[in-house]
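> So for the sequence shown, the numbering used here puts the first residue at -16; every next one is plus one.
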Amino acid sequence: MFAVYKIVGKFVTYPGVLVTLFWLLSLWALVRKRPKRFVIFTFVVGLVIYVSSMGITSYILSKLIAVEDSEDRGEFIVVLGGGVDVFENRVELGKHTTRRIVKALELYKKHPRKIVVTGGVVTKGIPEANVMAQVLVELGVNPSDILVERNARNTAENARYTFELIGNRPITLVTSVTHMRRALKLFKEKFDRVYHVSADLPVDFRNSYLDYVPTGEGCYTFGTLTHELIGLLKEELSTRLRLSRGF
């Protein structure tokens, strides 16, 4: 009974409620003999929302992106910002950035060395690298071991400005596992030796009934994964374009 309650609940809350509405509209149109194209359109829209917000879909997509961790042999730990949350006058690390900071701290405790935190201001507010550095100090990292890069607004700039800050030194890159493949591609264009350790798991997939119904978390994860896939495609096209021009 509990499982039935949970499943029904997923179809009356976002995004499942959209699936319910589109499929009810499709059924209504079918019964009322509305144009066949309208019946098909509403059904397909509901199906697309359903598929894109299932955990199993994100799990399959994550297989295309996830990379295995390497050894941690970098002279510097480089942590990429993943956003900060701002509410009124309060600022704190976002979920992705928090996990990256925790992983960087874990590596630092095993082998103390300099930590580069990189991330600027994307829209408005304060550089996320400032917040990352503050949290690391509060967690016990020596302030002299933290290098702050506060200008980068995207992954390519993370790589560029980090290179300008420390030069071509061996680094251990820390970012989210879904972001790692694209980050590695960009950092390897600047650095000769890039080791990498992911800060989290690709997706939360338990192969339970909740992984086969639409959920808000599934919708969010699908958006993150497709963002990275599009980013990888863009970087690949940019690389091919540069090569074709002889750069």
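Using N, Cα and C, we set each Cβ at its ideal position, and we do this for glycine too.
Taking the straight line between their C-alpha atoms, what separation do you get for K171 and T80?
So the alpha carbons of these two residues sit roughly 22 Å apart.
> Please state whether the Cβ-Cβ distance between T198 and V186 is less than 8 Å.
It is not a contact, given that the beta carbons lie outside the stated cut-off.
> Under 7 Å: does the beta carbon of T3 sit that close to some heavy atom of the ligand COA?
In terms of ligand content, the structure shown is empty, and the ligand COA therefore cannot be addressed.
> Along the chain, where does the alpha helix (DSSP H) that runs through H179 open and close?
Not the alpha helix (DSSP H): H179 falls in the beta strand (DSSP E), residues 177 to 181.
> For H179, which option in I154, R189, L212 has the closest C-alpha, if you only look at C-alpha atoms?
Measuring from the Cα of H179, the nearest candidate turns out to be I154.
> Could you check which residue in K93, L226, H210 has the C-alpha nearest to that of T44?
Per the sequence shown, the amino acid found at residue 44 is Leu instead of Thr. It is H210.
> Should N137 go down as buried or exposed, given a rule of 16 or more other Cβ atoms within 10 Å for buried?
N137 should be labelled exposed.
> Let me check understanding here. Comparing Cα to Cα, which of A139, R223, S227, Y192 lies closest to G253?
Any question about residue 253 goes unanswered here, given that the chain covers just -16 to 230.
> Per DSSP, what kind of secondary structure is E75 in: helix, strand or coil?
Reduced to three states, the DSSP call for E75 is strand.
> Between T106, V124, Y42, which has its C-alpha nearest T161's C-alpha?
Ranking T106, V124, Y42 by Cα distance to T161 puts Y42 first.
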